[in-house]
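This report concerns only the one structure given below.
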Amino acid sequence: MKNYDIAIIGYGPVGAVTANLFGQKGFNTIVIEPKKEIWDIPRAVHFDGQTQRIFQTMGFMDEISKIIHPMEGINFLNNKGKSIVNINLKLDEPINGYDESVFFNQPIFEKFLRSEANKHNNIDIKLGYKLTNIDAQESINNLTLLNINNEENEYITSNYVLACDGANSFVRKALNIESFDYKCDQDWVVVDYQVDDKYKINTDRYQICDYKRPTTIVPITGQHVRWEFKVNPDDNLATLEDEKNIRKMMKPHLWRLNPEIPLHSGKLLRSSAYTFHGLLAKNFKFNNCFLLGDAAHQMPPFLGQGLCQGIKDSYNLCWKLSGVMNNIFNKEILNTYSLERKGIVDFVIKGAMKQGDIIGSQDWLTATLRDIYLNVASYIPKLLKPLKFQKPWKIKNGMIDNDLFPNDVNGVIIPHPSLDIKVDNKLFDQYLGNNFGILLFQNDTNVFNEIKNLESAKIFENNIHLMTEDNKFNQDKKICNWAKENNISAAIIRPDQHIYGCVDNVDIINNIDKLITKLKGELFKH
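Written out as structure tokens, the structure is:
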């Protein structure tokens with residue numbers, strides 16, 4: 000019976016990202032997926048800035064940049080088609096370096112991920128195999144696989160199981176992990192529409208806040224347009240997805256793409272009725288099994304975070320599990336995976352629910368009050384916070400310092416300098432690497448050298464950097480301005496670019512030593 004370090008269940012986009020992350024680390028990995036082919040229909044369509052930073056650290060961003068299209072803004076319209084407020088994303092500083100909201104074609108993305116995974120000899124990919132039984136013991140997992148072709152069973156063991164098997168996760172159910180239901184179910188029809196090539200389309204994005212039929216129009220890439228129509232109480236659900244009904248719902252707004260597009264032109268790639276849920280697994284971990292992506296959480300799509308958060312699950316888990324498997328980190332840190340990711344996803348789901356309530360009201364009075372609020376908010380930007388796509392996604396509890404030197408930035412991902420800035424031909428995240436590091440923002444080389452010579456600082460293996468005003472990475476002033484605004488003289492950066500903890504300019508050397516000692520106590524085997 001063959002044993003693997005990692006068994007990844009599910010080979011959708013989250014499973015494929017996870018396979019590449021652990022494949023790059025050199026672990027003996029198996030991927031199990033019942034479907035033999037990629038589903039050639041777009042579902043997920045959105046990446047945020049943090050997700051693109053993950054691709055950068057994986058070495059993928061050059062290729063990913065070829066298949067994405069940035070969203071410059073979104074226009075909110077009332078039931079008469081008049082603009083209520085226009086959110087211009089270009090006015091926001093790109094905290095993560097990348098455009099904070101970009102669209103992509105999922106089948107093309109998945110093909111790329113699979114081609115990269117195929118380059119790793121340490122990954123066995125079992126397409127056409129289904130997990131039918133899991134015995135998740137404390138130190139080993141016994142797995143039964145069914146070969147769909149010949150109905151024969153195969154038996155393997157794995158040290159760890161990573162469940163990327165979607166909303167109906169077999170692993171989650173087999174491990175009896177319950178989910179919290181936010182009771183925010185909303186019925187929408189999601190439509191993917193391919194405009195004929197001869198029509199150049201307007202790539203503006205619209206949220207039509209019409210209480211009679213809330214509608215979303217989002218050009219994705221090329222000629223692909225995503226439509227979403229909210230289901231009304233009097234709709235005939237049996238025929239709602241029919242092409243005739245879909246084109247009828249498109250009719251009032253099709254001209255926004257191009258006034259010359261005929262109603263019956265183009266191709267409907269799919270039309271599917273969905274109930275948007277808010278669900279969160281009560282634990283993302285059972286023994287050595289972990290839930291990722293839709294297996295762990297489901298959320299309304301209004302912030303475009305479903306796939307993004309699944310990829311962030313994988314990235315969060317990868318550096319922790321790699322450290323444990325390489326016999327460096329204390330196994331207890333694996334408990335922080337569930338704690339950290341649950342906290343962030345809870346925030347995401349609640350934010351998506353708020354935005355869904357704003358855009359999807361089907362009550363005339365509520366919609367009218369909403370329109371008035373948004374009109375006022377267009378002059379007071381702070382009131383538009385619920386509609387913003389750029390969020391801090393702060394880790395509030397987990398492997399961060401909440402005790403010694405509390406600061407609002409602890410648990411937040413550090414800003415990324417302009418993508419035009421490189422050192423040694425590396426962007427900022429690549430330069431820091433996938434390791435813990437220290438950034439010193441004091442223009443004092445003596446303090447810098449004393450920190451480097453601390454006995455405790457040996458854990459950083461010289462990944463300690465002086466980020467002064469003349470540091471090349473500060474050409475756009477973003478890093479040092481951020482440090483000044485938050486009264487930071489030195490900060491410990493985690494491998495996932497989040498701030499573990501920081502100190503101000505009082506007794507810097509002693510305080511950073513205390514912070515490092517605290518980190519070592521949490522991180523390493525005793």
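Counting from 0, one number per residue, gives the positions in the sequence shown under numbering that gives the first Met the number 0. C-beta: ideal position from N, C-alpha, C; glycine also. Since the model is a prediction, treat every value here as computed from it, not as a measurement.
Check: Helix, strand or coil at residue 436 according to DSSP, with G and I counted as helix; Outcome: strand
Check: C-alpha distance - residue 170 paired with residue 9, whole-angstrom precision; Outcome: 10 Å
Check: According to DSSP, residues forming a beta bridge with residue 100; Outcome: DSSP lists no partner for residue 100.
Check: Collapsed DSSP secondary structure at residue 205 in the structure displayed; Outcome: strand
Check: Own chain residues within Cβ distance below 8 Å of residue 82, not counting five before or after; Outcome: 74, 75 and 76
Check: DSSP beta-bridge partners of residue 113; Outcome: The partner list for residue 113 (beta bridge, DSSP) is empty, contrary to what the question assumes.
Check: Per DSSP, the bridge partner or partners of residue 228; Outcome: 188 and 214
Check: 8 Å contact criterion, which residue 489 and residue 479 should meet: CB distance rounded; Outcome: Actually they do not touch by this definition, with Cβ atoms about 13 Å apart.
Check: CB contact flag (residue 475, residue 416, <8 Å); Outcome: yes
Check: Cut-off 6 Å between Cβ atoms - residues of its own chain near residue 389, not counting five sequence neighbours on either side; Outcome: 91 and 99
Check: Distance CB(residue 347)-CB(residue 302) smaller than 8 Å; Outcome: yes
Check: Same chain, Cβ closer than 8 Å to residue 360, neighbours up to 5 away in sequence not counted; Outcome: 208, 210, 213, 366 and 369
Check: Residue interval of the alpha helix (DSSP H) (run including residue 365); Outcome: 363-376
Check: Coil, strand or helix - residue 220 by DSSP; Outcome: coil
Check: As assigned by DSSP and simplified to three states, the class of residue 405; Outcome: coil
Check: Under the three-state DSSP convention, the category residue 269 falls into; Outcome: strand
Check: Residue 386, buried or exposed, once every other Cβ within 10 Å from all chains shown has been counted against 16; Outcome: buried
Check: Residue 483, DSSP secondary structure in three states; Outcome: helix
Check: Proximal residues to residue 427 (C-beta, below 6 Å), its chain only, five neighbours per side dropped; Outcome: 415, 416 and 472
Check: Beta-carbon proximity of residue 159 to residue 287, cut-off 8 Å; Outcome: yes
Check: Minimum length 4: unbroken alpha helix (DSSP H) runs contained in the region 59-99; Outcome: 60-63
Check: Residue span of the beta strand (DSSP E) that contains residue 532, given as start and end; Outcome: The requested residue 532 is not part of the displayed model; the chain covers only 0 to 525.
Check: Residue 204 classed as buried or exposed, judged by whether at least 16 other C-beta atoms fall within 10 angstroms; Outcome: buried
Check: Endpoints, the beta strand (DSSP E) within which residue 160 is located; Outcome: 151-162
Check: Every unbroken beta strand (DSSP E) within the region 272-340, with a cutoff of 3 residues, ordered by chain; Outcome: 278-280 and 288-290
Check: Residue nearest to residue 218 in terms of C-alpha spacing, selected from 150, 67 and 357; Outcome: 67
Check: Validate contact between the region 107-126 and the region 21-39 using beta carbons, cut 8 Å, 3 pairs; Outcome: yes
Check: CA-to-CA distance, residue 177 to residue 276, given in whole angstroms; Outcome: 15 Å
Check: Proximity below 8 Å, CB of residue 53 to CB of residue 310; Outcome: yes
Check: Span separating the alpha-carbon of residue 341 from that of residue 180; Outcome: 13 Å
Check: Same chain, Cβ closer than 8 Å to residue 110, five either side skipped, listed in chain order; Outcome: 37
Check: Closest Cα partner of residue 106 within the set 43, 196 and 296; Outcome: 43
Check: Span of the alpha helix (DSSP H), counted from its first residue to its last, around residue 422; Outcome: No alpha helix (DSSP H) contains residue 422, which DSSP labels as neither H nor E.
Check: Cutoff 7 Å; reference residue 173; Cβ partners in own chain excluding five residues on either side; Outcome: 133
Check: For residue 501: DSSP bridge partner residues; Outcome: 490
Check: Start-to-end residues for the beta strand (DSSP E) that takes in residue 8; Outcome: 1-8
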